Each structure stands twice: as structure tokens, then as C-alpha cells.
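**Q**
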């Protein structure tokens, strides 16, 4: 289903809509768009991770400020989002690989939902571990 672009809409808006708008798309295209989003998010996280780790070169003061940041509730939410994105990206990658080698191509929607259920269960378990062990 192709949507007509709104005439006054900018080129960048049309590009973003074509990439990320899931309406009227089948499961495979939504999975692909989510894979793009999580991939971009993981790259951004890696850059931020290196920036935060560079603060540790400041000696004991840098370490203390890092610990204060790492123990904050916002950091916990970022950890949960990171693990969720990592799980989604990895499990969808496994699905794409299986389909690419000819396993489950006819059941790709079922495979997607099954792997996402596994991902949600793993995420819930990981959140429970992060909340209780830390």
C-alpha cells in the first residue's frame, strides 16, 4: 500500500515517514524498521559509553562521579532500554539469518512473534536481576 506524500511535506519528513511509519506494513517491514532503530540506538549508546568511560581518567573524583551516575534511577532505565534494544536486535538478527538460509521462511511471522516473546521473557528476567542483585 503506497501513500501519496502530502504536497507541503518536506523531503526529510517523507524520508523519515518512509523509513519509520509502520502503518499499513506487514510484520517483516515493521521488524526491519525496528531493527534500524535499535541499530542506530546501539551505535549512539556505544559513543555515549566511551564518553562516560573517558571520565574515569580523572582519578578518584571521576570514579566517584561515575558511581553516582551509575546508581541513579535514570541510568537504570537506560540499562533496561539498552538490554531491550540489544535483545530485539540480536533475536531479530537470528530470525533474519534463519530465513536467509531457508529455515522458517514460510513461518517468518510466527518466528518473529515467538522470538519476541522469548525476548520479552528474557527482558523481564534481566530487569528482575538488575533490580534485586544491584
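Residue numbers (my numbering): 63 to 196.
C-beta: ideal position from N, C-alpha, C; glycine also.
Model, not experiment: these values are computed from the prediction.
With three or more beta-carbon pairs closer than 8 Å as the criterion, would you say the segment 125 to 144 touches the segment 156 to 175?
**A** Cβ pair count under 8 Å is below three, so no.
**Q** How about residue 151 and residue 108: are their beta carbons less than 8 Å apart?
**A** Against a cut-off of 8 Å, the Cβ pair of residue 108 and residue 151 comes out as no contact.
**Q** Note down the Cα distance separating residue 123 from residue 192, rounded to an integer number of angstroms.
**A** Going from the Cα of residue 123 to the Cα of residue 192 covers about 26 Å.
**Q** If you draw a straight line from the C-alpha of residue 111 to the C-alpha of residue 117, how long is it?
**A** Cα-Cα distance, rounded: 10 Å.
**Q** What's the C-alpha gap between residue 169 and residue 121?
**A** Their backbone Cα atoms lie some 54 Å apart in a straight line.
**Q** Leaving aside the five residues before and after residue 155 along the sequence, list all residues of the same chain whose C-beta is less than 8 Å from its C-beta, in chain order.
**A** So the qualifying residues of the chain are 97.
**Q** Quick one: Cα of residue 101 to Cα of residue 147, how far?
**A** For residue 101 and residue 147, the distance between alpha carbons rounds to 8 Å.
**Q** Once DSSP output is grouped into helix, strand and coil, what is the label at residue 71?
**A** If DSSP states are grouped into helix, strand and coil, residue 71 belongs with coil.
**Q** Could you pull out every residue in the same chain whose Cβ sits closer than 7 Å to the Cβ of residue 144, ignoring the five residues on either side in sequence?
**A** Cβ neighbours of residue 144 beyond the five flanking positions: 107.
**Q** In terms of alpha-carbon separation, which member of 114, 91, 164 lies closest to residue 129?
**A** Looking at the Cα atoms, 114 is the closest of the given residues.
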